[in-house]
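Each remark here refers to the structure printed beneath this line.
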Ligand SMILES: Nc1nc2c(ncn2[C@@H]2O[C@H](COP(=O)(O)OP(=O)(O)O)[C@@H](O)[C@H]2O)c(=O)[nH]1
Ligand SMILES: [Mg+2]
């Protein structure tokens, strides 16, 4: 008999949820950045063993809704929690426990699902600090085991996964064993491009930009042609994203092309341009197309 189920990742922005999903899945399915609120879509990463399959749901961060974009993110998080079999609660061992963690801990206690807590980033901590972080995690009152881990190095992750598997219900796999994510190819590639935008921009700009893949053509000679645009909200944001003499958009394009080539194992031609679309965050039709449910 196989075990199979959905595990929702809960945790403050920046604690390392997306890094952990990628570590468990063994492939980059969720983009990572040091900017909070990076994850906009509930991304599913699939990890499959001999007789188990975990579908990890990497949720957008929790915050007070300000516009339709954040409202959708918030509503999605609530639904995903309710639809999950288990919860993986991630804390930042380096930063310590704060009000955000307590808020999420309460939400987890209320849904009453089996849970596991991961105290992440222990690669940054000395042993006594790890002990302290584990004690602080225990005080949050989420039932279930607590694991010290590093999503970056992989330390402690195997033990964590083993325990998660034990909490899953018996049942057949939801996805073919070789599948790593349910993201459509276009959205996945758009995310890789957005990750490079995030790496190269500061302050409000990372959150003002969105990426849409318009065309995806697999040529017979094996070349993959990707036509994508970066949406900015204003002309001045566009100028920054294009950069002097087009330097920024070229740097983003080159780095993203390499990522896409590594992921697909193909040669890639990436045609990337920057456009202005005022108020894209409030454009419900565009949010639909971008896969932000
Ligand atoms: N040192 C260290 N940094 C980590 C670890 N896990 C994640 N990070 C970093 O923390 C930041 C936020 O990670 P991310 O996965 O995007 O967090 P999320 O917002 O919870 O999804 C990134 O800069 C990661 O590289 C870890 O185990 N150790
Ligand atoms: Mg994330």
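In the numbering used here, the protein residues as written are 1 to 293. All C-beta atoms in this analysis are idealised placements derived from N, C-alpha and C, irrespective of residue type, glycine included.
Rank the options by C-alpha distance to the C-alpha of residue i and give the top, closest one.
i	options	result
residue 164	138, 194, 213 and 116	116
residue 122	82, 136, 263 and 152	152
residue 141	102, 156 and 171	102
residue 156	2, 14, 24 and 49	24
residue 13	31, 256 and 272	31
residue 219	1, 83, 146 and 268	268
residue 222	245, 264, 205 and 241	264
residue 279	2, 11, 10 and 67	67
residue 186	87, 292, 139 and 150	292
residue 272	174, 258 and 193	193
residue 254	242, 10 and 270	270
residue 275	249, 2 and 260	249
residue 285	205, 72 and 257	72
residue 136	98, 49 and 111	98
residue 175	256, 15, 46 and 8	46
residue 310	124, 49 and 143	With the chain running from 1 to 293 in the structure shown, residue 310 is simply not present.
Mind reading off the beta-carbon distance from residue i to residue j? Whole number of angstroms is fine, and I expect it under 8 Å.
i	j	result
residue 96	residue 120	Not confirmed; about 12 Å, so no contact.
residue 215	residue 227	4 Å
residue 169	residue 85	6 Å
residue 224	residue 266	5 Å
residue 180	residue 27	5 Å
residue 6	residue 55	5 Å
residue 172	residue 4	6 Å
residue 17	residue 83	Residue 17 to residue 83, Cβ: 17 Å. No contact.
Keeping to the same chain, check which residues put their C-beta closer than 7 Å to that of residue i; ignore five residues upstream and five downstream.
i	result
residue 208	232, 233 and 237
residue 160	116, 118, 147 and 149
residue 154	23
Looking only at DSSP bridge pairs, what is residue i linked to?
i	result
residue 242	None; residue 242 has no bridge partner.
residue 58	9 and 43
residue 228	213 and 272
residue 4	53
residue 218	224
If we define contact as Cβ-Cβ less than 8 Å, is residue i a contact residue for chain B?
i	result
residue 213	Here there is only one protein chain, and chain B is not present.
Among residues of its own chain, excluding the 5 on either side of residue i, which ones have a beta-carbon nearer than 8 Å to its beta-carbon?
i	result
residue 289	212
Report all residues from its chain with a CB closer than 6 Å to the CB of residue i; omit the five preceding and five following residues, and keep chain order.
i	result
residue 19	32 and 151
residue 261	268
residue 182	44
*Quick one: which unbroken beta strand (DSSP E) runs of 3-plus residues sit fully inside the region 135-212? Chain order, please.*
146-148
_Whole alpha helix (DSSP H) elements within the region 86-139, 4-residue minimum_ = 99-111 and 127-138
_Any alpha helix (DSSP H) of 4 or more consecutive residues that is wholly inside the region 240-283_ = Counting whole runs of 4 or more residues, the region 240-283 contains the alpha helix (DSSP H) stretches 247-264.
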